[in-house]
Amino acid sequence: MIYMSEVSKVYSNGSVALADITVDIQKGEFVFIVGPSGAGKSTFIKLILREELPTSGRLVVNGRNVVEMLSKDVPYLRRGLGIVFQDYRLLPNKTVYDNVAFAMQVVEAPHREMQKRVHNVLDLVGLRHKVRTYPSELSGGEQQRVAIARAIVNNPVIVIADEPTGNLDPDTSWEIMKVFDTVNKAGTTIIMATHDKTVVDALRKRVIAIENGRIVRDQVKGVYGYED
């Protein structure tokens, strides 16, 4: 599903973001990416999304060689990926329904299929009753659930979440994690960068810890391992 072999990323100023990363993430896994701020977690995610290219090494995402991929093929790679950000990134002038449907409009999905799928994923995240609501009328947790619905509406094989509970209170964070767990149990691979110690320690999923650009720990049923 995601395979990195001796991947390094060095920026033009000489800063080493990642060094000799080798990791294999299989279909259906739930993986937490942890580590101190500035450790390289964001770069790790950007490489998977092909927002950046590695300086050296081999990177395969969903069967595609990302390093050798032509720019025109990047949108097709990303169609198989769902992305959830800490700051939601919803369109403020669109309703809940339209925010989620927008992801299907981009791939030119048929209208009838779009209606069915949008309502299904809003059911999954518990927001079917908010279809005509605008983001400004939602709580932070509700906005994040809309963002998750948007990320999964096209049935991606991989969902990448970058600090999805970072702006939420503990109770709301648990609600969000239950949604991710449901998505994962349906077969979707989840990769989540997080500083949420409570969530990581409680769920005991695979944990990959990155420090100074290197993987220092890769545990099957891991813990957070840092004191904030």
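Residue numbering for the sequence shown is 753 to 980, as defined by the working numbering.
For every residue, glycine included, the Cβ atom is placed at its ideal position computed from N, Cα and C.
Compare the C-alpha of residue i against each of the options and name the closest.
i    : options                : result
D839 : G815, V951, V898       : V898
P887 : L843, H863, K957       : L843
V768 : M753, D776, G792       : G792
D827 : V836, R816, F837       : Residue 827 is actually Pro in this sequence, not Asp. The residue with the shortest Cα to Cα distance from P827 is R816.
V952 : V935, A938, Q971       : Q971
G809 : V783, S823, K761, K930 : K761
A954 : V859, A938, Q778, W926 : W926
What's the C-alpha gap between residue i and residue j?
i    : j    : result
G766 : G790 : 15 Å
M944 : L879 : 23 Å
R966 : T946 : 17 Å
N906 : D772 : 33 Å
E803 : Q895 : 25 Å
L874 : S764 : 43 Å
D825 : E889 : 37 Å
T807 : G974 : 29 Å
H871 : R864 : 11 Å
R831 : L822 : 15 Å
R969 : V931 : 27 Å
V935 : K846 : 25 Å
Determine the contact status of residue i and residue j, defining contact as a CB-CB distance below 8 Å.
i     : j    : result
G1001 : N919 : Lying outside 753 to 980, the shown extent of the chain, residue 1001 is not represented and no answer is given.
M856  : R841 : no
L801  : L811 : no
R958  : E781 : yes
L833  : I754 : no
L829  : V819 : no
P788  : Y978 : yes
V836  : V883 : no
T941  : I910 : yes
I960  : V783 : yes
D948  : I797 : no
With a cut-off of 8 Å on the beta carbons, I'd call residue i and residue j a contact; round off their distance for me.
i    : j    : result
L770 : V786 : Going by Cβ atoms, the distance from L770 to V786 rounds to 15 Å, so no, they are not a contact pair.
S757 : T774 : 5 Å
V877 : A853 : So it is not a contact: roughly 14 Å between Cβ atoms.
I715 : P916 : The displayed coordinates of the chain run from 753 to 980. Any statement about residue 715 would go beyond what the structure contains.
P922 : T950 : 7 Å
**Asked** Which ranges does the beta strand (DSSP E) cover as unbroken runs of at least 3 residues, wholly within the segment 849-935, from first to last along the chain?
**Response** 910-914
**Request:** Would you mind listing the beta strand (DSSP E) stretches within the segment 940-964 that are 3+ residues and don't spill past its ends, in chain order?
**Result:** 941-945, 958-963
**Prompt:** Unbroken beta strand (DSSP E) runs of length 3 or more, entirely within the segment 764-832: which are they?
**Reply:** 768-777, 782-786, 808-813
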